[in-house]
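Structure first, then comments.
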Amino acid sequence: MPELPEVEVVRRTLEPHLVGASVERVEVRAPALREPLDADAFERHAAGRRVAAVRRRAKYLLVDLETADAPATTLVLHLGMSGRITVRAAGDGEPLPHEHLVVHLAGGRRLSFRDPRRFGQAFVLPTADLDTDSHFAHLGIEPLADEGESALDGAHLRRAAVGRRGPVKPFLMDSTVVVGVGNIYASEALWEAGVHPKRTVRRIAAARWERLAEKVREVLARAIAEGGTTLNDFTDGEGNAGYFQVSLAVYGREGEACPRCGEAVRRVVQAGRSTFYCVGCQR
DNA sequence: CGTAGACCCTGCGCGC
DNA sequence: TGCGCGCAGGGTCTAC
């Protein structure tokens with residue numbers, strides 16, 4: 000469900016509910032995720048703290064926690080394929096299906112983390128250790144970062160492709176190159192840029208890298224503006240659906256007419272994931 | 001070192 | 001109506 004835009008939409012909707020709130024306790028309801036939840040760590044590093052900020056790095060949601068007498072910590076949440084994070088009102092007490100973690104806030108509201116497929120993650124660590132933590136140490140640049148040294152541009156993609164082979168679509172999804180580009184938006188950005196998903200990264204010229212970088216940023220920004228893509232069950236932190244799926248040009252549209260040239264959209268599997276593209280206008 | 005494939009899970013929609 | 005199959009937004013590990 001969630002690529003970068005969906006996580007950013009969740010972040011933005013959670014932020015006003017969480018910043019300034021106090022964490023009374025963290026309840027581990029079902030510890031079995033791929034990395035089992037550590038109730039002791041939550042108790043030691045999250046309980047009794049105040050939310051200072053809600054940030055995002057790649058597809059990770061970062062809830063910064065502070066207290067007067069200890070260094071800052073960060074609650075890290077990843078939605079995997081099927082995770083959902085919502086704020087529940089005080090008194091709304093029914094346990095939800097697949098609810099793994101409940102963060103109880105002062106006043107009775109709760110932050111609820113659900114994940115049927117259990118590919119998600121939840122852990123807490125000192126904020127100072129974030130950059131060196133194994134989940135973050137090898138991450139590439141943020142595609143929507145401001146202009147500057149680490150902005151996503153054609154030169155960044157071209158440099159990252161040096162010495163590599165293989166098709167451009169999995170390359171775009173490689174989080175050591177650029178983060179946040181998942182299976183939906185990789186197909187969409189390639190279609191927007193007119194680049195064939197199977198094209199080898201060694202045969203892409205500077206101008207096309209530039210166009211591709213631009214389209215990646217554009218597609219992600221548009222998806223955020225439209226509240227994220229909802230295929231089955233994505234909702235923001237307040238439980239609202241997103242609308243970007245109506246804007247998808249090729250993803251999930253095998254056999255339908257390409258909006259640009261009318262050719263039938265095709266589906267292939269690359270690196271185990273479905274890719275949708277148009278032979279008429281992607282070269 | 002870089003890349004391809006298997007794998008971790010549950011739920012849903014489709015065709016029979 | 002009910003059932004089995006294929007497929008799903010992510011990431012990591014192993015084998016080449």
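Residue numbering for the first sequence follows numbering that gives the first Met the number 0, starting at 0 and increasing by one per position.
For every residue, glycine included, the Cβ atom is placed at its ideal position computed from N, Cα and C.
Length of the line joining the Cα atoms of residue i and residue j
i, j, result
"Val-268", "Glu-262", "19 Å"
"Asp-68", "Gly-47", "11 Å"
"Gly-227", "Ala-57", "15 Å"
"Pro-169", "Ala-105", "44 Å"
"Gly-153", "Asp-173", "16 Å"
"Glu-349", "Ala-240", "Lying before the first or after the last residue shown, residue 349 is absent from the chain, which here runs from 0 to 282."
"Leu-138", "Pro-115", "26 Å"
"Asp-130", "Ala-136", "6 Å"
"Ala-159", "Arg-216", "17 Å"
"Arg-282", "Gly-82", "35 Å"
"Ala-29", "Tyr-276", "40 Å"
"Ala-185", "Phe-112", "27 Å"
"Gly-254", "Val-264", "5 Å"
"His-97", "Arg-33", "14 Å"
"Cys-257", "Glu-7", "29 Å"
Identity of the residues DSSP links to residue i by a beta bridge
i, result
"Ile-140", "Val-177"
"Thr-274", "Val-267"
"Thr-12", "In the DSSP output, where bridge partners are listed per residue, Thr-12 has none listed."
"Pro-35", "Partner(s): none; Pro-35 has no beta bridge."
"Ser-81", "Answer is none; Ser-81 lacks a bridge partner."
"Thr-72", "Leu-64, Pro-125"
"Ala-204", "In the DSSP output, where bridge partners are listed per residue, Ala-204 has none listed."
"Arg-87", "Arg-109"
"Ala-240", "Thr-234"
Simplified DSSP assignment, three categories, for residue i
i, result
"Ile-183", "helix"
"Arg-221", "helix"
"Thr-228", "coil"
"Gln-281", "coil"
"Arg-54", "strand"
"Thr-131", "coil"
"Leu-189", "helix"
"Arg-164", "coil"
"Phe-41", "helix"
"Arg-259", "coil"
"Val-18", "coil"
"Ala-212", "helix"
"Arg-49", "strand"
"Ala-150", "coil"
"Glu-159", "Correcting the residue type first, residue 159 is Ala in the shown sequence and not Glu. Helix at Ala-159."
Whole-angstrom C-beta distance between residue j and residue i, which should lie under 8 Å
i, j, result
"Val-75", "Leu-64", "Their Cβ separation, rounded to whole angstroms, is 11 Å, which puts Val-75 and Leu-64 out of contact at 8 Å."
"Gly-165", "Val-194", "Incorrect: roughly 14 Å between the Cβ atoms, too far for contact."
"Pro-94", "Leu-219", "About 35 Å; that fails the 8 Å criterion."
"Leu-100", "Leu-36", "6 Å"
Delimiting residues of the beta strand (DSSP E) encompassing residue i
i, result
"Glu-23", "22-27"
"Thr-66", "59-66"
"Arg-109", "109-113"
Bounding residues of the alpha helix (DSSP H) (the contiguous stretch that carries residue i)
i, result
"Glu-98", "Run containing Glu-98: none in the alpha helix (DSSP H); it sits in the beta strand (DSSP E), 98-104."
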